[in-house]
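A short write-up of the structure that comes next.
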Amino acid sequence: MIGILKFSGQTQDGIALRSPRSPSRNLRARFEGWGGTFLVVLVASAGFLGLGLHEAWVDAPTFDEPVYVASGLAAVLHQDLDLNDEHPPLAKVLAVLPVLFVHPFVPADGHWDHNDERTYSAAFVDAQVHAGTLRSVTFAARVVPLLEAVGLALVLYRLGRDLFGRAAGTTAALLWLLSPWVLGLGHLDSVDVSFALAVALWSWMLLRWFVRPDWGRTLALGALSAVVVTCDVPGLLLAGLGALCVLVAASRRSWRAGVAQGAAVLGTAWVLTWLLYVCLDPRVLLDPTVILPAPYLHGINYLATNDTVAGPGYLLGTSWVGGRWWYWPAGLLVKMVPTTLLVLIVGPLGWRFVDPLTRRRAGAVLALPGLGLLAVTVATPRDIGVRYLLPVVALWLVAASALVPWLLGHAGGRAAVAVAIGLAAAAAASSAPASLAWVSPPLGPGYQVASNSDIDWGQGFFALQAWSAGRHPWVAYFGPRGLGVRNVRGARRLLGVPPGRVTGWVAVSATDLTTAERSRLLWLRAYCPVGDLGGSILLYRFVRPPSAAPGPSRPAALCPATDRGVSARVGARS
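If you read the sequence shown in our numbering, its first letter stands for residue 704, the second for the next number, and so on.
Dropping the structure here:
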């Protein structure tokens, strides 16, 4: 591996330097460099795709997926953009295209623009359950996001290569692909990976513009600004940053050119954003808004109303309500491979070894957008998953790869790079097929240290259905609307039942236990589970009714081997 990475060439102004060799030798050297680094990324991409496709088939729909699929179908089939309260729509529309080929059952409705996303997504799930298409529809909706996760690795390779050399780009791409956290989120239909890809493409195009600031790349940057804007609301920040960077850089040559090119970036983004909305729902032209289409503005208002409401949080055994700034660094500690996290921390020190021009460009295309997105994320008082940091971590991996060329010049450094990549590969392979529930091994078990999309987003429902056969369990399930206890044959609803009436098997989603229903299940946290389903659903068995006395914030660890099979209160034998 290290020998392959050493085929990196030095770069200047984002363009690889070529020595004056004969054409045949130069071609052979370029082939060896390309084949020795990019081929490794392609092999890792194939492995990522294989694991991701398997998990996409095995995992049940997660909390937001039915809303995204239903709203994407409404946009494509009914030219309706009002069904989904959250905007923008691009990622959802792209993800739903393969779904059309599996013929989903779309519940009839004559008033698409008056549907409530909560009600209709539940009806959509119920329709798929009765039609027997829930698994195939869910799988099809995950194909595009999975390809986007792989595409992002290729963009990180190119971005790192153009800034710091091939070895840097290869390392950034590999650490992205070999992350259980990325694999767990990458095989789901969510806007997080799509937005991360859009951000990386935007950063790469901004870098290309710095290398050659012509009008073609100015318009391309504007087009990618439209992509980030129509993938997620924080993309508005990047569109403004892109125009500002172009204005400042171009103004050094000509003030008029700077203003013209900066305006072209914003103008192109504005036109293409409107064009997408008009294509998906021509009725937006009937609304007098000018800055952005009305559904987009309504989506901003929805997020401002809902995402600013303090919600329950849980991490490392601590519960709270509202946002905590330390949740984000601590969350990365929980969800990232330790050696990869160490690379992120020390890697930016490599910037001291690059030339000032590259350092300035890296600051503009990596640090500036990354810190801006980080500030927006940390300000959100809803600590429900570090998935919001995916675009930040993607850019951070490239920034940290600056140290790799220096490390490869030293024996100890080469070993360090090999260890980081090797341990990441081992973690990714061992996390399957429950990568979403993976946490850093020294901190596990996962349900004791994380919650919501960091451990349990509802993906264990199919496993719950299979396990429940013949057990008649009490169930508390956290997942998408439309799926619940009534869809589990023989199951009984646990929430609202006094503990004194509970005997036999109990299955509880980790998210319900620590956040969503933590006040109603505080008694259960005092008892040790006898097992789990994919790390996201905990299993208990009571031969006698449990006590209603409250337990701690941190759920009990698995029952010891001597008590396996029967749940016992912490500190007491069954």
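Glycine included, each C-beta is placed from N, C-alpha and C at the ideal position.
Spatial distance of T874 from A1132 (CA atoms):
Distance from the CA of T874 to the CA of A1132, rounded to the nearest whole angstrom, comes to 18 Å.
Which of the three DSSP states, helix, strand or coil, is assigned to G1014?
Of the three classes helix, strand and coil, the one that applies to G1014 here is coil, per DSSP.
Assigned secondary structure, R959 (DSSP; H/G/I helix, E/B strand, else coil)
DSSP places R959 in helix when its eight states are reduced to three.
In three-state DSSP terms, what is A1260?
Residue state, collapsed to three classes: coil.
Would you call T1217 buried or exposed, if buried means 16 or more other Cβ atoms sit within 10 Å of its Cβ?
When all chains shown are included, T1217 counts as buried.
Which runs of the alpha helix (DSSP H) fall wholly inside the segment 729 to 804 and span at least 4 residues, in chain order?
Taking only runs of at least 4 residues, the alpha helix (DSSP H) segments lying wholly in the segment 729 to 804 are 768 to 781 and 793 to 799.
CA-CA distance, P1258 and L1198?
About 17 Å.
Count the other C-beta atoms from every protein chain shown that fall within 10 angstroms of the C-beta of C1262, then say buried if there are 16 or more, exposed otherwise.
Only buried fits C1262, as 16 or more other CB atoms lie within 10 angstroms of its CB.
What does DSSP give as the partner residue(s) for I1240 in the beta ladder?
According to DSSP, which records beta bridges pairwise, I1240 is partnered with S1212 and L1236.
C-beta contact flag for A1166 and L1227 at 9 Å:
No; because the gap between Cβ atoms is not below 9 Å, this pair is not in contact.
Would you list the residues sitting across from W1177 in a DSSP beta bridge?
According to DSSP, W1177 bridges with R1195 and V1209.
Exposed unless 16 or more other CB atoms sit within 10 angstroms - verdict on F898
F898 comes out buried.
Using C-beta distances below 7 Å, list every residue in its chain close to V1057, excluding the 5 sequence neighbours before and after it, in chain order.
Here V1057 has F867 and A1105 as same chain residues with Cβ atoms under 7 Å from its own Cβ, once five neighbours each way along the sequence are excluded.
Secondary structure of P726, DSSP reduced to three states
Since pLDDT at P726 reaches only 43, below the 50 mark, its modelled position is unreliable, and the value read off the structure follows with that caveat. In this structure, P726 counts as helix in the three-state DSSP scheme.
So for F808, helix, strand or coil by DSSP?
Coil, per DSSP.
Using CA coordinates, which residue listed in Y1150, L950, P807 and Y860 is at the minimum distance from S1212?
It is Y1150 whose Cα lies nearest to the Cα of S1212.
State the Cα-Cα distance for the pair P985 and W1208, rounded to the nearest angstrom.
Each residue's alpha carbon lies about 53 Å from the other.
Cutting at 7 Å between CB atoms, please list the residues of its own chain near S1138, excluding the five before and the five after it.
These residues qualify, in order along the chain: E758, P883, L886 and G887.
Contact set for A1271: own chain, Cβ-Cβ below 8 Å, skip 5 residues either direction
Closer than 8 Å at Cβ, skipping near neighbours: Y1230, C1231, C1262 and S1277.
DSSP has T836 in a bridge; who is on the other side?
The partner list for T836 (beta bridge, DSSP) is empty, contrary to what the question assumes.
Is it the case that the Cβ atoms of T1043 and L878 are separated by a distance below 9 Å?
Yes, Cβ-Cβ distance for T1043 and L878 is below 9 Å.
By the 10 Å Cβ neighbour count, where 16 or more other Cβ atoms means buried, how is D892 classified, buried or exposed?
Sixteen is the threshold: when 16 or more other Cβ atoms of the shown chains lie within 10 Å of the Cβ of D892, as they do, the residue is buried.
S774 versus K795: straight-line alpha-carbon distance, rounded:
The straight-line gap separating the alpha-carbon atoms of S774 and K795 is approximately 7 Å.
Rounded to whole angstroms, what's the CA-CA distance from D812 to A1210? Just pull it up for me.
Between D812 and A1210, the C-alpha separation is close to 36 Å.
8 Å Cβ shell around R1174 - same chain, five flanking residues per side excluded
For R1174, same chain residues with a beta-carbon under 8 Å away, outside a window of 5 residues either side, are G1193, G1207 and W1208 in chain order.
Tell me which same chain residues have a C-beta within less than 7 Å of the C-beta of E1307, skipping the five on either side of it?
With the chain running from 704 to 1277 in the structure shown, residue 1307 is simply not present.
Check whether the segment 837 to 847 and the segment 758 to 768 are in contact - that is, three or more C-beta pairs closer than 8 Å.
The segment 837 to 847 is in contact with the segment 758 to 768.
Other residues of its chain near R1223: CB distance less than 8 Å, five sequence neighbours each side excluded:
Closer than 8 Å at Cβ, skipping near neighbours: L1198 and G1199.
Quick check on A1251: buried or exposed, where buried means 16 or more other Cβ atoms within 10 Å of its Cβ?
In this structure A1251 is exposed. Its beta-carbon is surrounded by fewer than 16 other beta-carbon atoms within 10 angstroms.
Based on the DSSP secondary-structure assignment, which residues constitute the bridge partners of S1022?
DSSP output for S1022 lists Y1017 as bridge partner(s).
When the Cα atoms are used, what is the spatial distance from R1027 to R915?
Approximately 42 Å between the Cα atoms of the pair.
What is the C-beta distance between H790 and P998, in whole angstroms, given that I count them as a contact (C-beta under 8 Å)?
Indeed, because the Cβ distance is near 6 Å, the residues count as touching under 8 Å.
Buried or exposed by the 16-neighbour rule on C-beta atoms within 10 Å, applied to C982:
With fewer than 16 other CB atoms across the displayed protein chains lying within 10 angstroms of its CB, C982 is exposed.
So, at 8 Å on beta carbons, what are the nonlocal neighbours of T836 in its own chain, with the 5 sequence-adjacent residues on each side left out?
For T836, the CB contacts under 8 Å within the same chain, skipping 5 residues up- and downstream, are V805, H806, P807 and F808 in chain order.
Coarse secondary structure for R1272, derived from DSSP in three states:
Three-state result, R1272: strand.
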